[in-house]
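In my numbering, the protein residues as written are 455 to 796.
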């Protein structure tokens, strides 16, 4: 079908948020096949959008050619070549606002995400906390397209579609064991389940005969994962060994993902894999639960101080023991067994 409208979509970071955007654009594309999408984000996140119909990816390079106002004007000139009919700013940061301004001055329609900052502040404050579920972030993304005049109804369902397993990972799938991905790290340390307790979880899952795949991180996390691989049978480290495209293909063939409130959860959601997620100072009520995931699969404690952070960049306020420390490894293992054994 010939495209009649072109929307430029702006979301530059963070990794998990961009993966959530991809989940929304999959459904938007299916429901609006005549609309062409130009997705603007960091080059590293391009694999999230592979396979989405009528979508072109345009990389922003904020540290080099697109740095500063002059760099953003250069990006505007690059994007203006597409002759867009509308701009969907689903980031709402300084860069996206500056870029949107250039388009607005050119007469292009702009709509921007409502992040619900006041509601989120009320959810996380210590005094007079308003503890209630907020609008899901994916619906806030979809609202921007609705304000531009498009129909989009999100299914909030996982769509599992296993991809071809990368050749160098084929040997890991040559058995009948249940396959569990584990994404134990996060950008902010306060969102990470204590590693000694995570090691207890890995020990138990290994003993139960599950095959484990450790995802996510840099050199330091890679070293931790390698130590777990040496200590526990059926455990495999993927950190530093596969690119993002390959990781997504591997995740799509798993039975389950265990993740923090982090990008691992959103990557699994994107390829339709159920997630057991562990939450500390953040909370699913803030709207960042993985697309299509169930709140029933969130591991967390009830405490009047929770949540005290939206992004996990603030320490827990639960007292001597953090809310993460209060989660028993056995609780996580039992939830995984419940999910896999039905």
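All C-beta atoms in this analysis are idealised placements derived from N, C-alpha and C, irrespective of residue type, glycine included.
For the alpha helix (DSSP H) that contains residue 589, what are its first and last residues?
Run containing residue 589: none; DSSP gives neither H nor E here.
CB residue 544 to CB residue 649, shorter than 9 Å?
In this structure, residue 544 keeps its C-beta atom at 9 Å or more from the C-beta atom of residue 649.
Throw me the rounded Cβ distance for the residue 570 and residue 589 pair, which I believe falls under 8 Å.
6 Å
Put residue 693 into one of helix, strand or coil per three-state DSSP.
The three-state reading of DSSP puts residue 693 in coil, since its state is none of H, G, I, E or B.
How long is the line joining the alpha carbons of residue 455 and residue 476, rounded to whole angstroms?
Residue placement at residue 455 cannot be trusted, given a pLDDT of 46 that sits under 50; what the coordinates show is reported in the next sentence. Straight-line Cα distance between these residues: approximately 21 Å.
Compare the Cα-Cα distances from residue 705 to each of 576, 613 and 510 and report the closest residue.
613
For residue 552 and residue 523, which I take to be in contact (beta-carbon distance under 8 Å), what is that distance rounded to the nearest angstrom?
6 Å
Quick one: is residue 750 buried, meaning 16 or more other Cβ sit within 10 Å of its Cβ, or exposed?
exposed
In three-state terms, what does DSSP make of residue 749?
If DSSP states are grouped into helix, strand and coil, residue 749 belongs with the helices.
May I ask you to report which of helix, strand or coil DSSP gives residue 548?
helix
C-beta contact flag for residue 554 and residue 541 at 9 Å
Closer than 9 Å, so yes.
Cβ of residue 626 within 9 Å of any chain B Cβ:
In summary, chain B is missing from the structure at hand, where a single protein chain is found.
At which residues does the alpha helix (DSSP H) containing residue 522 begin and terminate?
522-534
Cβ neighbour criterion (16 or more within 10 Å) applied to residue 493
buried
Can you tell me whether residue 584 is buried or exposed? The criterion is at least 16 other CB atoms within 10 Å of its CB, across all chains shown.
Classification for residue 584: exposed.
Starting from residue 543 and walking both ways along the beta strand (DSSP E), at which residues does that stretch end?
540-543 is the extent of the beta strand (DSSP E) around residue 543.
Pick out whichever of 702, 715 and 599 has its Cα sitting closest to the Cα of residue 646.
Considering only alpha carbons, the answer is 715.
Is it buried or exposed for residue 518, if we count other Cβ within 10 angstroms and need 16 for buried?
exposed
How would you write the range of the alpha helix (DSSP H) that residue 672 sits in, first residue to last?
Where residue 672 is concerned, there is no enclosing alpha helix (DSSP H), given that its DSSP letter is neither H nor E.
Residue from 578, 604 and 687 whose Cα sits closest to the Cα of residue 626
Checking every option, the nearest Cα to that of residue 626 belongs to 687.
Extent of the continuous beta strand (DSSP E) to which residue 635 belongs:
633-637
Using a Cβ-Cβ cutoff of less than 6 Å, which residues in the same chain neighbour residue 759 once the five nearest sequence positions on both sides are dropped?
Cβ contact annotation for residue 759 (same chain, cutoff 6 Å, sequence separation greater than five): 771 and 772, in chain order.
For the region 631-641 and the region 707-725, state whether three or more C-beta atom pairs, one from each stretch, are separated by less than 8 Å.
yes
What separation, rounded to the nearest whole angstrom, lies between the Cα atoms of residue 604 and residue 459?
11 Å
Between residue 631 and residue 665, how many whole angstroms is the CB-CB distance? I'm expecting something under 8 Å.
Taking the Cβ atoms as the reference, residue 631 lies roughly 4 Å from residue 665, within the contact range of under 8 Å.
Let me know the secondary structure DSSP gives residue 493 once reduced to three states.
Strand at residue 493.
With 16 other CB atoms within 10 Å as the buried threshold, where does residue 763 fall?
buried
Runs of 3 residues minimum, wholly inside the region 726-777: which ones carry the beta strand (DSSP E) assignment?
729-732
How many angstroms separate the CA atom of residue 563 from the CA atom of residue 557?
8 Å
Extent of the continuous alpha helix (DSSP H) run through residue 465:
It is not in any alpha helix (DSSP H) - residue 465 carries neither H nor E in the DSSP assignment.
Where does residue 509 land, buried or exposed, given buried means 16+ other C-beta within 10 angstroms?
With 16 or more other CB atoms across the displayed protein chains lying within 10 angstroms of its CB, residue 509 is buried.
Please look up how many angstroms separate the CB atoms of residue 610 and residue 746, rounded, as I've assumed it's under 8 Å.
6 Å
On the three-state DSSP scale, how would you describe residue 610?
coil
Other residues of its chain near residue 796: CB distance less than 8 Å, five sequence neighbours each side excluded:
The answer is none, since no qualifying residue turns up.
Inter-residue Cα distance where the pair is residue 490 and residue 478
14 Å
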